[in-house]
Amino acid sequence: MTIPAAYTDYATGAPVVDAKAPTGPIEQRWDTRRFEAKLVNPANRRKHTVIVVGTGLAGGSAGATLAEQGYHVVQFCYQDSPRRAHSIAAQGGINAAKNYRNDGDSIHRLFYDTVKGGDFRARESNVRRLAQISVEIIDQCVAQGVPFAREYGGLLDTRSFGGVQVSRTFYARGQTGQQLLLGAYQALSRQIAAGNVEMHPRTEMLDLIVIDGRARGIVARDLITGKTDIYIADAVVLASGGYGNVFYLSTNAMNSNATAIWRAHRRGAYFANPCFTQIHPTCIPRTGDHQSKLTLMSESLRNDGRIWVPKAKGDTRPPNRIPEDERDYYLERIYPSFGNLVPRDIASRAAKNVCDEGRGVGPGGQGVYLDFAEAIQRMGRKAVEAKYGNLFDMYQRITDEDPYEVPMRIYPAVHYTMGGLWVDYDLQTTIPGLFAIGEANFSDHGANRLGASALMQGLADGYFVLPATINDYLARNPHQEKVTAEHPAVREVMAETEGRIERLLAVDGDRTPDSFHREVGELMWEFCGMARTDAGLRKALERIPQIREEFWRRIKVPGSGEEFNQSLEKANRIVDYLELAELMCLDALHRAESCGGHFREESQTPDGEAARRDDAFSYAAAWEFTGTGEAPVLHKEDLVFEYVHPTQRSYA
Amino acid sequence: MKLTLRVWRQRNADAEGAMSTYEVDGISSDMSFLEMLDTLNEELILNGEDPVAFDHDCREGICGACSLVINGDAHGPERTTTCQLHMRSFKDGDTIDIEPWRASAFPVIKDLVVDRSAFDRIIQAGGYITAPTGAAPEAHATPVPKPDADFAFEHAECIGCGACVAACPNGAAMLFTSAKVSHLNVLPQGAPERETRVLDMVAQMDEEGFGGCTLTGECATACPKGIPLMSITNMNKEWLRATRKAGKR
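Residue numbers (my numbering), protein chains in the order written: chain H, 3 to 654; chain X, -17 to 231.
Written out as structure tokens, the structure is:
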């Protein structure tokens, strides 16, 4: 048997340029772009078909809005209903620069906080637009009937989140994502009933159809009948979410996957900053090898909960028996001005550090305490219940421990991916006619996303940005060639898809899909997780092609392709993880600096903070696919900072 | 622990179904119910058998995908979703029956997976507020009294899992429908469509083949999100009010 070759080197191609980004004063750029974008006559819009893949906050809001504008929308989700997309699990809230608290907030401050929080690896123009749109999102959602938390006077309540010193996070108890998603789902439902959206639930995109260099449709599989089919359109929008499930254990839904974006990448869309993954500091620690997923405890808990570990190593006393002066409230100690509300990347790394020192708590020492004793004393149990009741219940259900009595145990877990398909200011990928919105793109969060900003970005992209920019593309390409199933390019994509499914079923080996997923996930967590090193990443890059080779030799997928077959769905997604994982490691290896969630041990300050290297790495890394197991080509997009000057982030 | 599972197996919508018996061993009490089923499925795959199909996704109790009748109860013995049920609720040596939602409006697709698209069509009939993107007034233009906002939220918590239908002896969808009607009709933003919403949603509910309500209350007992039974009373009131008003026009 030959050992599959690994790559650690790559070629650098021409820089990638955001040709749609307007110049001029940053406050005016979005208005300028909207004015300059060509429009499609309302009467002509219904002649245009737009495919939207995914029905989360980004996809649901985009599908509804495009249909309201008059376009014919054909939309897909793998779930049995568009209401179940994983945005629904977002707990804490959504940021908006409303300044209702009169606490010094402004659009500029939200812009500033987000660029800084992202450790200066995001585009200024995009982030400024996001901050500007944030205020419209709240108006839109309230009009839809989203039941945000309110004060006794009937006005909206807000709370604080990590990385900021104002209170700008709007919330609906611990279910903000659910309520915002249902708002988008209901708007989408109205358009489905009106016949403007053709909805395909339980249908998964398996490939992208590119004709004459333009995105013209997708191949999708009906998960009930197993039948693969082609769907043709004038433009394709990917709103399929992130790729955190590469790690096997994450806070993502079990079926969230990278297939839509990875297949688009294989067809020519550049993939930007794949190594930028967010490890969320407050998740429930794993309990054993049976674990299938991890559950997040909202960051909002850090408003009132205090994080600590024992001062002494190996202190196994129950938490309530450890006296106050033998506890280390390490975030409050190291970062006195932000305390427990430091950004996620910093909180996660700090937790890892104290556990590595041997001061972790709970089974295996992989946990820290999140303690509400003081909050309960200060506010009373009732007030704590009203604010966090559902989160406490969830914690108790999973761990069988009562967080009102004993401190919660938390540990970092993979939660979100800042990287994604490279897009320009219009959210268009490097394939004309292919757009990526929400977590599927890379655009707004740099190397670290601030809490309550994912909901903001998903809805900004779907309700406001994409519906404005896609017009420009459609107006400039009004009469595209008619495409049928007989078109050679379509037949080729179909044949490839069917071939892959047949191949998966034909191996009939001795290992289950989950066993491979677990293996690659553990490898990624070890070498491409919270701390990364040159040597570790090289080890992972050597190992991944071997796992891939073994996968195609030993995978066992029961049943057939012509039926409801969940094992086949899984196996097909793992094929893509086994390629994406390799790109993530290469990206992490090449970026020999620490920034945000990407921590390279070789690049840290004397006190252990991430040391950015702006001289060498102030760019977004956009990778071009060249073939499975072949080194990709790197295209750099230089980042220019005119308004927020890059500094070493300080939350001390 | 060691368990005996009796699971409903049905190849597809048209096939006959039956209960099949399986033994699982080495189950930890920290496992979730679905992780226990994962363990069974890993064994079935390696033995060359067809794994048990079941709906699941977020596994944190919010997406509403999971939907098992366990020992005769929708979502099992605890008041939670199936994915949040843990094996510590069972004892070593237990025999556990696992079935799909049973209701004529929810046909079986395979094994434990059912078709709940009727719920989507009820929402499409009127479970929304017409507010096209861009047309919204400033959020603070209309204050909502806190009790109304809290009432709306309490009903908006519904995850659309369908346990209410599965638990109901009549297979009624009253709790699901009334939760959405109650959420939207109490809000000032929902007022312009208050009457059409309840009339259209109830009409669609009937058309989908859900049964009638006899107020047995099983729905509210099974609901993992605690949607109150009063929600149904509220919808009946809304429906009566809308019907009267329509009569006067």
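Idealized CB from N, CA, C, for every residue including glycine. What you are looking at is a predicted structure, and each value in this text was computed from that prediction instead of being measured.
- Residue 457 of chain H has a beta carbon lying at 8 Å or more from every beta carbon in chain X.
- Residue 262 of chain H is positioned such that its CB atom lies closer than 8 Å to that of residue 207 of chain H.
- For residue 285 of chain H, the CB contacts under 8 Å within the same chain, skipping 5 residues up- and downstream, are 253, 296, 297, 298, 299, 412, 413, 414, 415 and 417 in chain order.
- Under the DSSP definition of a beta bridge, residue 637 of chain H partners with H/624.
- Using a Cβ-Cβ cut-off of 8 Å, residue 216 of chain X does not count as an interface residue toward chain H, since no Cβ of chain H sits closer than that to its own.
- Look at the region 133 to 148 of chain H: the residues with a C-beta under 7 Å from a C-beta of chain X are 140, 141, 142, 144, 145, 146 and 147.
- Pairwise C-beta distances place the region 75 to 84 of chain X out of contact with the region 152 to 161 of chain H, as fewer than three of them are shorter than 8 Å.
- The beta carbons of residue -9 of chain X and residue 93 of chain X sit closer together than 8 Å.
- DSSP places residue 231 of chain H in the strand class (E or B) of the three-state scheme.
- Here residue 40 of chain X carries a coil assignment [DSSP, helix/strand/coil].
- For residue 560 of chain H, the C-beta contacts it makes with chain X under 9 Å involve 26, 27, 30, 31, 32 and 33, in order along the chain.
- The three-state secondary structure of residue 73 of chain X, taken from DSSP, is coil.
- By the criterion of a C-beta distance shorter than 6 Å, residue 150 of chain H is surrounded in its chain by 158, 172 and 174, once the five residues flanking it on both sides are discounted.
- Secondary structure note for residue 554 of chain H: its alpha helix (DSSP H) is the uninterrupted segment 536 to 556.
- Taking C-alpha positions only, residue 331 of chain H is separated from residue 319 of chain H by approximately 17 Å.
- A distance below 7 Å between beta-carbons, with the five flanking residues on each side excluded, links residue 83 of chain H to the following residues of its chain, in chain order: 203.
- Scanning its chain for C-beta atoms nearer than 7 Å, with the 5 sequence neighbours on each side dropped, one finds around residue 92 of chain H the residues 178, 179, 456 and 457, in chain order.
- The C-beta separation of residue 219 of chain H from residue 199 of chain H comes to about 17 Å, leaving the pair out of contact by the 8 Å criterion.
- Pairing residue 640 of chain H with residue 24 of chain H gives a Cβ-Cβ distance that is not under 8 Å.
- The beta carbon of residue 101 of chain X sits closer than 8 Å to some beta carbon of chain H.
- Between the beta-carbon of residue 147 of chain H and that of residue 111 of chain X there is about 5 Å, and that keeps the pair under the 8 Å contact cut.
- Cβ neighbours of residue 178 of chain X within its own chain (closer than 8 Å, five residues either side excluded): 108 and 224.
- Inter-residue distance for residue 190 of chain X and residue 103 of chain X is about 9 Å (C-alpha atoms, whole angstroms).
- Identification of residues in the region 33 to 48 of chain X having a C-beta nearer than 9 Å to some C-beta of chain H yields 33, 35, 36, 37, 38, 39, 40, 41, 42, 43, 44, 45, 46 and 47, given in sequence order.
- Listed by position along chain X, the residues whose Cβ is nearer than 8 Å to that of residue 294 of chain H are 14, 16, 17, 20 and 41.
- Separation of residue 475 of chain H and residue 213 of chain H (C-alpha to C-alpha, rounded to the nearest whole angstrom) is 16 Å.
- Scanning chain X for C-beta atoms nearer than 9 Å to the C-beta of residue 553 of chain H yields nothing, as the closest lies near 15 Å away.
- Counting other Cβ atoms within 10 Å of its Cβ, residue 383 of chain H stays below 16 and is therefore classed as exposed.
- Nearest CB-CB separation between residue 88 of chain H and chain X: below the 8 Å threshold.
- The alpha helix (DSSP H) runs lying completely inside the region 164 to 189 of chain X and spanning 4 residues or more are 176 to 189, given in chain order.
- Assigned with DSSP and collapsed to three states, residue 414 of chain H falls in strand.
- Chain-ordered, the chain H residues with CB closer than 8 Å to the CB of residue 70 of chain X read 402.
- Proximity of residue 166 of chain X to chain H, defined by a Cβ-Cβ separation below 8 Å, is satisfied.
- Restricting attention to H/328, H/293, H/302 and H/294, the CA atom closest to the CA of residue 310 of chain H is found in H/328.
- Sequence-ordered contacts of the region 255 to 266 of chain H with chain X read 255, 256 and 257 [C-beta pairs closer than 7 Å].
- Between residue 120 of chain H and residue 449 of chain H the beta-carbon gap is near 6 Å, inside 8 Å, which marks them as a contact.
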